[in-house]
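Colleague: If you scroll down you'll find the structure; I have some questions about it.
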Amino acid sequence: MACFLVTAAEAVVVTVAARVAKNREMSAESVKLEKNAEIETRRENKLPWSKKLMILASLLWGGAFLLCYEHIWHGEVVPWFPFLTAMNDPGDTAEMLHEMSTVGVTMAVIVTVVWAIMMFAADKIMARPDPEPVKAAA
Amino acid sequence: MTLLICVFAAIIFTIKWYRRKDDSMLLGVPCVCFWGASLMWLGDAIFGYAEDGAAFFEPEAAEMLNDAFLGLSVVALGMILWLVILLVKDPRGVVKASLRKKAEEK
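Okay, structure coming up:
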């Protein structure tokens, strides 16, 4: 009914967190430059937090956008106030809130858990030595 | 059916992303878009299965057709979103060059 709103809300929070993390990383970088710190020549072996959070935000925004379209398709979201057809009836509203707290939260948890596994794998992959170039088949 | 079509779109774009030579086509955009939607529909499918049991896998023909139409239109919408982002960000400078050429013609 409106389960995508839970993931959209998470997307807003994660986007803000990613922006804050990026600003902190940039200010930390400028402090390094001011102190004329040694130029770091070795390659970073971990993704910065801001990039990790932006990947989660992209997953959530993309998913929420397509799910919003699905709800429009099913007539659950309309382009006029109150935008959600379930808001017109108290019984439907209660059902909608129940669906948001069950299906919506489950969706948000699944996306977040998969993202956490992806980022764990990404750190492991980045820590590996560079692979040998693939040889062309004879 | 919608979930299945979206998962196939996500897999195809992920393979294209893995085989890309540079990032100028922004193939990461449709990847995260379709994977995000697929994971969310997976959550929906889990609840559907918990409610209907095995009947969840035996939908009516009309329902399946409607879901297939929805899946295809979701893929189309995701690709339109990707195209809009690609044209606006214009990583290869194609749009800018084309606009400059038009301006010079006048």
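Protein chains in written order, with our numbering: chain W, 1207 to 1344; chain Y, 8 to 113. By construction, the Cβ of each residue, glycine as well, lies at the ideal position given by its N, Cα and C atoms. Note that the structure is a prediction, hence the values are computed from the model and not measured.
Just the Cα atoms here: how many angstroms apart are residue 1294 of chain W and residue 1300 of chain W?
Modeller: Each residue's Cα considered, the two are about 11 angstroms apart.
Colleague: Taking the continuous alpha helix (DSSP H) assigned at residue 14 of chain Y, which residues delimit it?
Modeller: Unbroken alpha helix (DSSP H) run through residue 14 of chain Y: 9-25.
Colleague: For residue 1255 of chain W and residue 1319 of chain W, I'd like the C-alpha separation in whole angstroms.
Modeller: Taking the straight line joining both Cα atoms gives about 16 angstroms.
Colleague: 8 angstroms is my cut-off, CB to CB: does residue 32 of chain Y come that close to chain W?
Modeller: Closer than 8 angstroms: no.
Colleague: By the DSSP assignment, the alpha helix (DSSP H) with residue 1296 of chain W in it spans what residues?
Modeller: Looking at the DSSP string, the run of the alpha helix (DSSP H) that includes residue 1296 of chain W is 1296-1305.
Colleague: Going by beta-carbon coordinates alone, are residue 1265 of chain W and residue 60 of chain Y separated by less than 8 angstroms?
Modeller: No, they are not a contact pair.
Colleague: Apart from the five residues just before and just after residue 1247 of chain W, which ones in its own chain have a Cβ nearer than 8 angstroms to its Cβ?
Modeller: The predicted model places residue 1247 of chain W with a pLDDT of 45, which falls under 50 and marks its position as unreliable; any figure quoted below should be read in that light. Closer than 8 angstroms at Cβ, skipping near neighbours: no residue.
Colleague: Quick one: what's residue 1290 of chain W bridged to in DSSP?
Modeller: According to DSSP, residue 1290 of chain W bridges with W:1283.
Colleague: Is there contact here, the stretch 1276-1294 of chain W with the stretch 14-25 of chain Y, by at least three beta-carbon pairs under 8 angstroms?
Modeller: Output reads no: the stretch 14-25 of chain Y does not touch the stretch 1276-1294 of chain W.
Colleague: On the three-state DSSP scale, how would you describe residue 37 of chain Y?
Modeller: Helix at residue 37 of chain Y.
Colleague: Give the straight-line distance between the Cα atoms of residue 72 of chain Y and residue 1258 of chain W, rounded to the nearest whole angstrom.
Modeller: Distance between the alpha carbons of residue 72 of chain Y and residue 1258 of chain W is about 38 angstroms.
Colleague: From the DSSP output, in three-state form, read off residue 1247 of chain W for me.
Modeller: Residue placement at residue 1247 of chain W is poorly supported in this model, since its pLDDT is 45, which falls under 50; the coordinates are not used for a value here.
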